[in-house]
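Everything on this sheet refers to the single structure shown next.
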Amino acid sequence: MSEISVVPRIRELDAYAPGLSIAEIQQKYGLSRVIKMASNENPLGASPLAQEAARRHAPFLFRYPQGGNPRLARALADLHAVDPRRVVVGNGSDEIIDLLIRILAEPGRHSLACFDPCFSIYPIQGRISGIEVRRCPLGKDFSFDFDALLRLVDQSTRLVFVTTPDNPSGCCPPREAVAELAGRLAGIAPHCLLVVDEAYMDFAEDESGASLLASGALPDNAAFLRTFSKSWGLAGLRLGYGVLPPALADYFWRARLPFSVNILAEEVGLAALADTAFRQATLDAVRQGRATLRDGLTALGCTVWPSAANFLLFQLPPGAGPARNCFEALLRRGIIIRPLSSYKLPEHLRVSVGDAAENAAFLTAMRDILAAPETAGAHMNARLPLVTLDGPAGVGKTTLARRMAESLGLAYLDTGAMFRCLALKLGPGAEQLPEEELRRRCEHWTFSIAGKGMSTALLCNGQAVRGEVRTEEVGMLAARIGTVPAVREALRQAQRAMGAHAPLVAEGRDLQVLSGRRARSARHAPFARSGQPGRTRGTDHPDRADPPA
Ligand code: PMP
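Numbering (our numbering), first residue to last: 374 to 922.
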């Protein structure tokens, strides 16, 4: 056993939960075409000039980039009509957020303040840096209460984060309100920086009216963040930038890793800036698509929040069932949107604006799903056979299930291995975490199955689950974690999703209880050596019912 010891604040860290990838969903549901409307990327792709620049500069991949990316900084200074000494660039605006926190706040002494919910990188990087993270709840309509935010600020507070337009709501306060916030903050805490994250500002109908950066009146205590990941269509390249007070920009360059913006990012970023026609086409497509989606969802009875960004936050009509079911029903149709449990908004969904065909496909799918919410809830396709086996521990359910899967030519779902795998991923002591926290952690792990019969493989986040889950230690972790309702529910949902797209044989009662009409239960089958078929002892946790194979 390794003696390597990880510092507690990292051990307890909740990782950033990205949207699901196209490859994951293709694999999980056996789909050839998947539409991704989950990560607020550019619906038109990457600019042709940017792609051409990537090809042109490929021969120079062996070179280091120029230190400090001065050409890029100058081009961005021209774009925003600011002093080039203010402009910094980073490996995505994520890197700039991280560095600002580390430059300004000392572990154990300082704090940052942000809204709740908010873009999760602010609190995550704050915790990684060992500083206190203070959260101010958003209003019920997702509005900003700057008075309440300022009440969290004291002399220990070194950064205040405001996202405008906000993620995930799309809410965009007037720029005068942000300017006033900066002024009041300077009065309360002169050492504190206001970070105004304008990642989505270009999509506002009236960018120059909504953006404090665009106004040119930059408060001394404010930093502005922008990114190439959205309207410039370069999310995969990782390029973001900031406009900072000049003295802070100087420290930024000292602290930044010398080459974090690589040679392609620099050249392709410059080419993207020059492709003004593509940029305008993107802005037009997003503004138009946003209106189409808003009108379409509203017509379906959804509540849609006003958004100045390239995504919409919405809630299903009353009686439409849980948002999670709708999200999964969309997945089965090959459309990925963003569930918001990780933002503590389990009944809300966020959809990124796609191109015209994607928007239409999404609205058609939503119409189908909302027309038959019971189908969305039950997850079940009545034509797919599903066999579940239940019974006391030690009667050989696993062996029987495997053999049955083999002879029926169906996949075998090892539900016990799912518990063990999740227990291993969550780590020792996870059962003591608050349920909400555990629920969020569970969302990072998705399960799928590949193959059939004896050779069925269980995959977790696309990786085969192997013998590492078959140790006694992991068995004990699984037994503990399996008593937590949030974990049971997460795995039940995962089982339901798999049962919905693949005919399978599984152990335990989770699928059986939920599938109702189509499960052919073997619960009372005469295989129980104990002679007492039926309920397992006191628990329906597969690992309790059957000791590790
Ligand atoms: N800020 C906000 C509000 C965001 O939503 C995102 C991306 N999801 C970022 C910053 C990070 O952007 P980048 O890709 O430049 O790191």
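The beta-carbon is built from N, C-alpha and C at its ideal position, and this holds for glycine as well.
**Message:** Using a 10 Å radius around the Cβ and a threshold of 16 neighbouring Cβ atoms, would you call Val860 buried or exposed?
**Reply:** Start at 1 with the first residue of the sequence shown, and residue 860 comes out as number 487. Burial call: buried.
**Message:** Restricting to Cα atoms, I'd like to know which of Ser602, Gln661 and Leu477 is closest to Leu610.
**Reply:** Your numbering for residue 610 matches position 237 in the sequence shown. If we check each option's Cα against that of Leu610, Ser602 comes out closest.
**beta-carbon Ser466 near the ligand FAD non-hydrogen atom, thresh 7 Å** = As far as ligands go, the structure on display features the ligand PMP and does not contain the ligand FAD.
**Message:** I need the DSSP call for Arg428, collapsed to helix, strand or coil.
**Reply:** Within the sequence shown, residue 428 is the residue found at index 55, counting from 1. In the structure shown, Arg428 sits in a helix (DSSP, three-state: H, G or I).
**Request:** Please confirm whether Trp605 and Arg652 have their CB atoms less than 8 Å apart.
**Result:** In the sequence shown, counting from the first residue as 1, residue 605 sits at position 232. In the sequence shown, counting from the first residue as 1, residue 652 sits at position 279. Cβ distance < 8 Å, so Trp605 and Arg652 count as in contact.
**Prompt:** According to DSSP, which residues form a beta bridge with Gly463?
**Reply:** Taking the first residue of the sequence shown as position 1, residue 463 is located at position 90. According to DSSP, which records beta bridges pairwise, Gly463 is partnered with Gly613.
**Asked** Around the Cβ of Met753, are there at least 16 other Cβ atoms within 10 angstroms (buried) or fewer (exposed)?
**Response** Walking along the sequence shown from the start, residue 753 turns up at place 380. Confidence at Met753 is low in this model, with a pLDDT of 42, below 50, so its placement is unreliable and no value can be given for it.
**Prompt:** Looking at the structure shown, is Glu571 part of a helix, part of a strand, or coil, going by DSSP?
**Reply:** One-based indexing of the sequence shown puts residue 571 at position 198. Reduced to three states, the DSSP call for Glu571 is coil.
**Prompt:** Start and end of the alpha helix (DSSP H) containing Cys699?
**Reply:** Numbered from its first residue, the sequence shown carries residue 699 at position 326. Unbroken alpha helix (DSSP H) run through Cys699: Ala696 to Arg705.
**Message:** Can you tell me whether Ala423 is helix, strand or coil according to DSSP?
**Reply:** Taking the first residue of the sequence shown as position 1, residue 423 is located at position 50. Helix, per DSSP.
**Request:** Grab me the residues of Ile561's own chain with a C-beta within less than 7 Å of its C-beta, minus the 5 sequence neighbours each way, in chain order.
**Result:** Translated into positions along the sequence shown, residue 561 becomes position 188. Cβ within range, chain order: Leu523 and Val526.
**Prompt:** Whole-angstrom Cβ separation of Asn594 and Ala559, contact assumed at under 8 Å?
**Reply:** In the sequence shown, counting from the first residue as 1, residue 594 sits at position 221. In the sequence shown, counting from the first residue as 1, residue 559 sits at position 186. Sure, about 5 Å apart at Cβ, within 8 Å.
**Asked** Do Asp570 and the ligand PMP come close, with the Cβ less than 7 Å from some heavy atom?
**Response** Taking the first residue of the sequence shown as position 1, residue 570 is located at position 197. Result yes, Cβ under 7 Å from the ligand PMP.
**Prompt:** Going by Cα to Cα distance, which pick from Thr530, Gly503 and Ser466 is closest to Cys487?
**Reply:** Here residue 487 corresponds to residue number 114 of the sequence shown, with the count starting at 1. Cα-wise, what sits closest to Cys487 is Thr530.
**Identity of the residues DSSP links to Pro510 by a beta bridge** = Here residue 510 refers to the residue found at position 137 when the sequence shown is read from its first residue. Answer by DSSP bridge pairing, in chain order: Asp489.
**Item:** Selected residue, minimal CA-CA separation from Val462, among Asp579, Ser542, Leu831 and Phe597
**Value:** Numbered from its first residue, the sequence shown carries residue 462 at position 89. It is Phe597.
**Asked** Hey, quick one: how far does the alpha helix (DSSP H) through Ile383 stretch, first residue to last?
**Response** The residue labelled residue 383 in the question sits at position 10 within the sequence shown. Counting along the chain, the alpha helix (DSSP H) containing Ile383 begins and ends at Pro381 to Arg384.
**Request:** Could you tell me the distance, in whole angstroms, from the CA atom of Gln439 to the CA atom of Phe632?
**Result:** The residue given as residue 439 occupies position 66 in the sequence shown. The residue given as residue 632 occupies position 259 in the sequence shown. Those two C-alpha atoms are separated by around 8 Å.
**Contact test: Thr536 Cβ vs the ligand PMP heavy atom, cutoff 7 Å** = One-based indexing of the sequence shown puts residue 536 at position 163. Correct: Thr536 has its Cβ closer than 7 Å to the ligand PMP.
**Request:** Could you check what DSSP says for Ser378 in three-state terms: helix, strand or coil?
**Result:** Taking the sequence shown and counting its residues from 1, the one referred to as residue 378 is at position 5. Correct three-state label for Ser378: coil.
**Item:** Residues of its chain near Ala751, where Cβ-Cβ distance is below 7 Å and the 5 sequence neighbours each way are ignored
**Value:** For the purposes of this step, residue 751 is identified with residue 378 of the sequence shown, where counting begins at 1. Bear in mind that the predicted position of Ala751 carries a pLDDT of just 44, short of 50, making it unreliable; the figure below should be weighed with that in mind. Hits under 7 Å: none found.
**Request:** Give me the Cβ distance between Asp575 and Phe534, rounded to the nearest whole Å; I'm assuming they're in contact under 8 Å.
**Result:** Counting from one through the sequence shown, the residue named residue 575 turns up at place 202. Counting from one through the sequence shown, the residue named residue 534 turns up at place 161. The Cβ separation is near 19 Å, so there is no contact.
**Prompt:** Using a threshold of 7 Å, is the CB atom of Thr600 nearer than that to any non-hydrogen atom of the ligand PMP?
**Reply:** Translated into the one-based positions of the sequence shown, residue 600 becomes position 227. Yes, the ligand PMP has a heavy atom inside 7 Å of this Cβ.
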